[in-house]
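Numbered by my numbering, the letters in the sequence shown go through residues 90 to 312 in order. Ideal Cβ placement from N, Cα and C applies to all residues, glycine included. For reference, the structure discussed in these notes is given below.
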Amino acid sequence: MNKKVGIATSKETPATETFQVRGTARITDLPLSGTASAINTKTDGTASTTKDQAFTAVKTVVVDANGVLGTVSGLPVTELPLAPGVYKPIRYCAKNVIGDDPSKPVYTMTFPQSGYHFSWRDTGSGKFTLYVRRTSEYASQTMRAASRWLFSGGSFEGGVRGNFDVLGTDERVLDASFATSTMGKATLIVWPTAQTFNIDFTTLNTAGAREKVMNICIEQTVQ
Numbered sequence: 090m091n092k093k094v095g096i097a098t099s100k101e102t103p104a105t106e107t108f109q110v111r112g113t114a115r116i117t118d119l120p121l122s123g124t125a126s127a128i129n130t131k132t133d134g135t136a137s138t139t140k141d142q143a144f145t146a147v148k149t150v151v152v153d154a155n156g157v158l159g160t161v162s163g164l165p166v167t168e169l170p171l172a173p174g175v176y177k178p179i180r181y182c183a184k185n186v187i188g189d190d191p192s193k194p195v196y197t198m199t200f201p202q203s204g205y206h207f208s209w210r211d212t213g214s215g216k217f218t219l220y221v222r223r224t225s226e227y228a229s230q231t232m233r234a235a236s237r238w239l240f241s242g243g244s245f246e247g248g249v250r251g252n253f254d255v256l257g258t259d260e261r262v263l264d265a266s267f268a269t270s271t272m273g274k275a276t277l278i279v280w281p282t283a284q285t286f287n288i289d290f291t292t293l294n295t296a297g298a299r300e301k302v303m304n305i306c307i308e309q310t311v312q
């Protein structure tokens with residue numbers, strides 16, 4: 090018969106696993122991974138007469154919605170803190186069909202931390218247009234921005250906007266063609282915060298293809 094031990098359980102809610110604690114548990118004097126002479130258990134699972142064995146962690150303890158403990162292989166990665174003024178980029182990518190839907194759907198991408206909302210859609214004549222605006226939380230703030238090409242390949246219609254104000258309504262950043270397969274990379278920098286958005290995209294219009302497709306990635310380098 091399987092025995093189960095329950096702490097603070099009851100007849101109505103008995104222990105469901107070999108050992109169950111109903112409430113807050115506390116464990117002290119846990120060994121640190123990599124510490125020598127920290128445990129009694131040998132690598133083969135047998136006991137040593139003294140605490141002379143090293144403790145080397147290889148798994149991470151996890152818990153499910155019912156509080157049952159389990160493990161996953163590997164250890165969590167700890168990132169070192171960044172130096173003041175150094176930021177980890179935030180990058181989002183999207184893929185979609187372009188130029189084949191009469192309704193011309195609008196695709197979107199939002200950076201809520203900095204308050205910028207990007208959208209793009211088929212604007213006719215074989216091109217798509219990328220727009221930017223402030224999110225509703227920052228709609229009252231007008232920021233000065235500049236968009237520039239970093240690299241472009243293929244034909245374009247309209248190019249980049251250049252210098253303009255970013256408001257609470259859509260402002261054009263750039264136009265690019267999807268009538269032929271193309272690629273490009275542009276940047277949008279905001280004054281005075283120096284928030285920079287690197288934009289890269291590819292479009293594919295293969296002869297005889299049923300749908301024209303595109304991929305766009307936007308990376309915010311400064312928060």
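For residue i, the three-state DSSP class (helix, strand or coil)
i      : result
Tyr205 : strand
Glu168 : coil
Tyr196 : strand
Tyr227 : helix
Gly95  : strand
Leu293 : strand
Asn129 : coil
Asn252 : strand
Arg115 : coil
Tyr176 : coil
From the options, residue whose alpha carbon lies closest to that of residue i
i      : options                        : result
Val302 : Gln284, Val262, Ser266         : Ser266
Arg250 : Gly204, Trp238, Ala125         : Trp238
Gln202 : Lys177, Pro191, Gly215         : Lys177
Pro191 : Tyr181, Gln109, Val166, Gly213 : Gly213
Gly215 : Lys148, Thr292, Glu168         : Thr292
Val147 : Thr135, Val175, Gly257, Gly123 : Gly123
Ser229 : Gly257, Ser99, Gly248          : Gly257
Asn155 : Pro281, Phe240, Ala104         : Ala104
Ala296 : Thr269, Cys306, Glu101         : Thr269
Lys184 : Met198, Pro173, Gly134         : Met198
For residue j and residue i, believed in contact at Cβ under 8 Å, the rounded distance
i      : j      : result
Ala283 : Val262 : 17 Å between Cβ atoms; not a contact.
Asn294 : Glu308 : Not a contact, Cβ separation roughly 25 Å.
Ala127 : Lys140 : 7 Å
Close Cβ partners of residue i (< 6 Å) along its chain, the five nearest in sequence each way excluded
i      : result
Ile187 : Asp211, Phe217, Phe267, Lys301, Met303
Beta carbon of residue i nearer than 8 Å to that of residue j
i      : j      : result
Val151 : Thr160 : yes
Ala275 : Val255 : no
His206 : Thr231 : no
Phe290 : Met272 : yes
Tyr227 : Ser208 : no
Ile96  : Arg115 : no
Val94  : Thr107 : yes
Asn129 : Gln142 : yes
Cut-off 7 Å between Cβ atoms - residues of its own chain near residue i, not counting five sequence neighbours on either side
i      : result
Phe200 : Ile179, Gln309
Leu158 : Val150, Val152
Gly204 : Arg223, Thr224, Glu226, Tyr227
Asp189 : Glu300, Lys301
Residue i CB to nearest heavy atom of the ligand MG below 7 Å
i      : result
Lys148 : This structure lacks the ligand MG; in fact it carries no ligand of any kind.
Beta-carbon contacts of residue i that lie in its chain and below 8 Å, excluding the five residues immediately before and after
i      : result
Asp259 : Ser208, Tyr220, Val221, Arg222
Thr285 : Thr276, Leu277, Ile278, Val279, Gln309, Thr310, Val311
Leu121 : Ala127, Phe144
Leu164 : Ser122, Ala146, Val147, Lys148, Thr149
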